[in-house]
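Visitor: I have a structure here, written as structure tokens, and I will follow up with some questions on it.
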Amino acid sequence: MQLSKDIKGKIKNDALNSIKRRNLVGGVNLYLHVEEFAADQKFNAGPKEIRTPRRTALVFADLAPQFNWGHPCQHMLYDADTREMYEIVEAEFPPAEFFTHHEKFEAIATPVKPIDAVGERKLKAGPIPAITNALTNATGNRYAILFSGMSNNRHVNDMEFLYRTLIDIYGFNAANIQVLNHNGTIDYFGSPHPVGNWPGDNTPYRMVVNGSGTNTALANAISSLAPVLQEDDFLFIHTNNHGDGPPRRTQSCLCCYGDPNWIPYNASDFAAELAALPEFAVLMVMMEQCHSGGFMTPIINNSPAKWAHFAAACREDRGSIGGANFDPFAYDWIAAVTGQYADGSALSQAVDVNHDGRISAVEAFNYADAVKDPYDTPVSADSPVGYGNYIFLGLPAHDLFIRDNLEDYGREPLIGGGISLSPDVIIFNQELLDPQGTLGSSAAQDMDDLGEMVEYGQDNFIYLRIQNRGTNPTSGSAKVYWSPVSTFPTPSSWNLIDEITIPEVAPDEFKVVGHVKWARDDIPEPGHYCFIALIGSGDDPAPDPSTILSYDDFYHSIRESNNASWKNFDVVNMFEGTRNELTFHIQGWPRTSIHSDLRVDLKELSSEAQVTLRILKRLTNEATLEGLELVEESTLYRRYTIASGRVSFLRNMNLKSSDDCQATLEFVLPDSIADGAYRISVSQLVDDLEMGRITQMIAVGEYPFVANRGTGELHLRNCRWVNKMNRSNMVAYGTLERALKHKYNGCHYCLPEHDTG
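FYI, in this note's numbering the residues of the sequence shown are 1 to 757.
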């Protein structure tokens, strides 16, 4: 039954007086429901059910009109006969009909107007350049889910802006974008109706809606990716509309479309769906709804992605601000990754703060946070911590890279697999007749032990393996350096071998480049060496060693650029029960004293192996031992035994400015060790950050030639004199040529043709 004009007048006046008595004038919007509620009638206000015990007129008071729901509001219940207010019901959501049949609500007083996000940003716009490096590619596939349940027009507009940006700016495949909205169409609750053009540029909506904004549809959209997500894929998720959370609820939730409306989809359920996905490369989440910050920890803790970044408009216990046509936080975030606002207005301050021409997840969030509405409380998180700086919606048009290890797919920064292990810097003692065929086959691409040790006294030849993650073919250049074998190969110890041109590399091509000749006269002495390769192309230049001014710069240069790689890896042939040693440099940093840890990884060796470390005494005066035991001491040196079969540490070495000291790791293999490949490594840490690593693969097996360190003789393995040899003097050789190059003399009995007397 419609309320009479007389009743409406009396109730309107009383409601206004009630607001005045409570000092709420100017901050509250009041609406009168024009129809009477019957006695014992029930209606929903979000999750709350309200009962009218008598014939009732309803005044709805929105206490925070500029916020999305849920937020504080009141349902003022009036006796339809006496016209007196008999109850105020506190709630966080309006009556269902406020959304579904808004025409039934007559405005009493609406002093609080929606924020004009578009107009405000026009006033603040500055001459900020848009992004210059459109990231339109990815090694894997890129997927997106855009969701809004109880949509208003502003939420649909946010998603349309984002949809256009993903496709037009970042080159997403529309078939890989799932849009879930409202009732499964472009529609929404409230005005304007009928649905017109998108207010950004006044053109028709382009967004293809794939399903409704229900909790079931969202769960299904996430789970539908399980069969298709691969290890190098990218997933972007945006949620919008309304939400609820603490302190009224134990956890945050999304408000979903359905019957009844406002169905909650809890953060824990959302995170559980994500956790069920297979491992993939990158997850990027941006949420706008109220209480969206409550999704942050569940998502970060349960993400199966190697890297993840989360951004939300508000804290777990707070609401988010809405606007007339767009939600301010979402509008600013999307503008940041787009390079301009929906109507073409410029940004009000720089987003690309590191001037690399692209926008990271952190840069987008920082911009939205910097220009936020005063009542929004944006939050963000990433995993691993700090890696949101390297999460982008796409990749550059061209991106040459060289791997740090076999787990490296070129994504910046490096996460796993270790450093100084580049499989793509390969040394040979002779030129290869077919470098691409030898090193570029599918089998060879997955090998990191190709090549040979540097041979002193002759030319050596270095080959690089380069890939292009971009969409366009590109050429470039490469510089190759050598340095002494070191756990901290600082740039001051690098020596340029040569610079070569990288011929054009097609997208996704695996190209062998070189050779780089290391001339015999430039090789200072026999032994092991570390190699550094720096590559660059176009607007993706090679790192500049002169800009590495601190050990923190050095650490980040190793991991944050796919244009630089280290090779500090050798294969050593050995027989069971024999001895070998690894001599290496421990370095400090120029003009800075540091404390550093030495980590020795012998996990792959049998616990019966005997391993010792000889090191300069003064480095260890303040050191603590984990897995080491002092066994010998002289004026200058200490010698420690190191437990094999585990990782051990010499912690808190005191390194002076520009220190460069030698240490020696000696190991004796047990007689019972099985044939096979055993990797050992020594690395140096500063502030718990790994600065460099030396890896040696001990290849235990039967080799045809045995050299004697003590006598300088070379024997066939079955020579009778081998059995009389001290095993600690045995050196294994796979080829006669290499042994002879190392100045061993052939045995008079088994290799008389190589006995020079």
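All residues carry an ideal CB built from backbone N, CA and C; glycine is no exception.
If I measure Cβ to Cβ from residue 44 and keep anything under 6 Å in the same chain, skipping five residues before and after, which residues do I get?
Guide: For the purposes of this step, residue 44 is taken as residue 44 along the sequence shown, with counting starting at 1. Closer than 6 Å at Cβ, skipping near neighbours: 96 and 260.
Visitor: Closest to residue 755 by C-alpha separation, out of 735, 712, 724 and 738, would be which residue?
Guide: The residue labelled residue 755 in the question sits at position 755 within the sequence shown. Here the closest residue by C-alpha is 712.
Visitor: Scan the segment 365 to 423 and note each continuous alpha helix (DSSP H) run of 4 residues or more that stays entirely inside, going in chain order.
Guide: Counting only runs of 4 or more, we get nothing.
Visitor: Where does residue 484 fall in DSSP's three states?
Guide: Position 484 of the sequence shown, counting from 1, holds the residue named residue 484. Three-state result, residue 484: strand.
Visitor: Taking the alpha-carbon of residue 410 as reference, which of 401, 12, 361 and 418 has the nearest alpha-carbon?
Guide: Working through the sequence shown from its first residue, we reach residue 410 at position 410. Looking at the Cα atoms, 401 is the closest of the given residues.
Visitor: So what does DSSP say about residue 156, is it helix, strand or coil?
Guide: Reading the sequence shown from its first residue, position 156 is the one you call residue 156. Correct three-state label for residue 156: helix.
Visitor: Could you check if residue 758 is buried or exposed, using at least 16 other CB atoms within 10 Å of its CB as the buried criterion?
Guide: With the chain covering 1 to 757 only, the question about residue 758 has no answer from this structure.
Visitor: Kindly give me the distance between the Cβ atoms of residue 464 and residue 695, rounded to whole angstroms, as I take these residues to be in contact under 8 Å.
Guide: Taking the first residue of the sequence shown as position 1, residue 464 is located at position 464. Taking the first residue of the sequence shown as position 1, residue 695 is located at position 695. That pair is no contact at about 19 Å.
Visitor: In angstroms, rounded to a whole number, what distance separates the CA positions of residue 748 and residue 582?
Guide: The count along the sequence shown starts at 1 and reaches residue 748 at position 748. The count along the sequence shown starts at 1 and reaches residue 582 at position 582. So the alpha carbons of these two residues sit roughly 31 Å apart.
Visitor: Rounded to whole angstroms, what is the Cα-Cα separation between residue 161 and residue 88?
Guide: On the sequence shown, residue 161 is found 161 positions in, with the first residue counted as 1. On the sequence shown, residue 88 is found 88 positions in, with the first residue counted as 1. Each residue's Cα considered, the two are about 40 Å apart.
Visitor: For a test of the three-state rule: what should DSSP assign to residue 150, helix, strand or coil?
Guide: Stepping through the sequence shown from its first residue, residue 150 is reached at position 150. Coil, per DSSP.
Visitor: Per DSSP, what kind of secondary structure is residue 165 in: helix, strand or coil?
Guide: Locating residue 165 in the sequence shown gives position 165, where the first residue counts as 1. Three-state result, residue 165: helix.
Visitor: Of the residues 274, 529, 286 and 204, which one's Cα is nearest the Cα of residue 481?
Guide: For the purposes of this step, residue 481 is identified with residue 481 of the sequence shown, where counting begins at 1. That would be 529, whose Cα lies nearest to the Cα of residue 481.
Visitor: CA-CA distance, residue 222 and residue 155?
Guide: Sequence index remark: in the sequence shown, residue 222 carries index 222 (1-based). Sequence index remark: in the sequence shown, residue 155 carries index 155 (1-based). Taking the straight line from one Cα to the other gives about 20 Å.
Visitor: Do you know whose CA, among 122, 669, 544 and 12, lies nearest residue 577's CA?
Guide: Counting from one through the sequence shown, the residue named residue 577 turns up at place 577. Minimum Cα distance to residue 577 is reached at 669.
Visitor: Quick one: using the 10 Å Cβ neighbour count with 16 as the cut-off for buried, is residue 630 buried or exposed?
Guide: Taking the sequence shown and counting its residues from 1, one reaches residue 630 at position 630. Exposed: under 16 other Cβ atoms inside 10 Å.
Visitor: Assess contact between the segment 25 to 37 and the segment 45 to 64, defined as three or more Cβ pairs (one per stretch) separated by less than 8 Å. Is contact present?
Guide: Taking 8 Å as the limit for Cβ pairs, the verdict is that the segment 45 to 64 does touch the segment 25 to 37.
Visitor: Around the C-beta of residue 57, are 16 or more other C-beta atoms found within 10 angstroms, so that it is buried, or is it exposed?
Guide: Position 57 of the sequence shown, counting from 1, holds the residue named residue 57. Buried: at least 16 other Cβ atoms inside 10 Å.
Visitor: In the DSSP assignment, find the unbroken alpha helix (DSSP H) run with residue 754 in it and report its ends.
Guide: As a working note, residue 754 is residue 754 in the sequence shown. First-last for residue 754: undefined, no H or E at that position.
Visitor: Below 8 Å, how does it come out for the segment 556 to 569 and the segment 645 to 660: are there three or more Cβ pairs, yes or no?
Guide: These segments do not touch.
Visitor: Give me the Cβ distance between residue 158 and residue 295, rounded to the nearest whole Å; I'm assuming they're in contact under 8 Å.
Guide: Along the sequence shown, read from residue 1 onward, the residue named residue 158 stands at position 158. Along the sequence shown, read from residue 1 onward, the residue named residue 295 stands at position 295. So it is not a contact: roughly 17 Å between Cβ atoms.
Visitor: Specify the secondary structure class of residue 194 as computed by DSSP and reduced to three states.
Guide: Residue numbering aside, residue 194 sits at position 194 when the sequence shown is read from its first letter. Here residue 194 sits in coil by DSSP.
Visitor: Apart from the five residues just before and just after residue 195, which ones in its own chain have a Cβ nearer than 7 Å to its Cβ?
Guide: Counting from 1 along the sequence shown, the entry for residue 195 is found at position 195. If we look at residue 195 and ignore the five residues flanking it on each side, its Cβ neighbours are 186 and 187.
Visitor: Looking at the secondary structure, which residues open and close the beta strand (DSSP E) in which residue 566 lies?
Guide: As a first step, residue 566 is located in the sequence shown; it is residue number 566 there, counting from the start. First-last of the beta strand (DSSP E) with residue 566: 564 to 567.
Visitor: Helix, strand or coil: how does DSSP classify residue 328 here?
Guide: Residue numbering aside, residue 328 sits at position 328 when the sequence shown is read from its first letter. Helix at residue 328.
Visitor: Does the distance from the C-beta atom of residue 324 to that of residue 114 stay below 7 Å?
Guide: Position 324 of the sequence shown, counted from the first residue, corresponds to residue 324. Position 114 of the sequence shown, counted from the first residue, corresponds to residue 114. Yes. Within cutoff.
Visitor: So, does the segment 341 to 351 touch the segment 191 to 205, judging by three or more C-beta pairs under 8 Å?
Guide: As far as the Cβ criterion goes, the segment 341 to 351 touches the segment 191 to 205, which means the pair count is three or higher.
Visitor: Exposed or buried, what is residue 355 when buried is set at 16 or more other beta-carbons lying within 10 Å of its beta-carbon?
Guide: Residue numbering aside, residue 355 sits at position 355 when the sequence shown is read from its first letter. When all chains shown are included, residue 355 counts as exposed.
Visitor: Is residue 694 helix, strand or coil by DSSP?
Guide: The residue given as residue 694 occupies position 694 in the sequence shown. The answer is strand: DSSP assigns residue 694 an E or B state.
Visitor: Extract the residue ranges of the beta strand (DSSP E) inside the segment 634 to 664, only unbroken runs of 3 or more that lie entirely within it.
Guide: 637 to 642 and 647 to 655, all fully within the segment 634 to 664.
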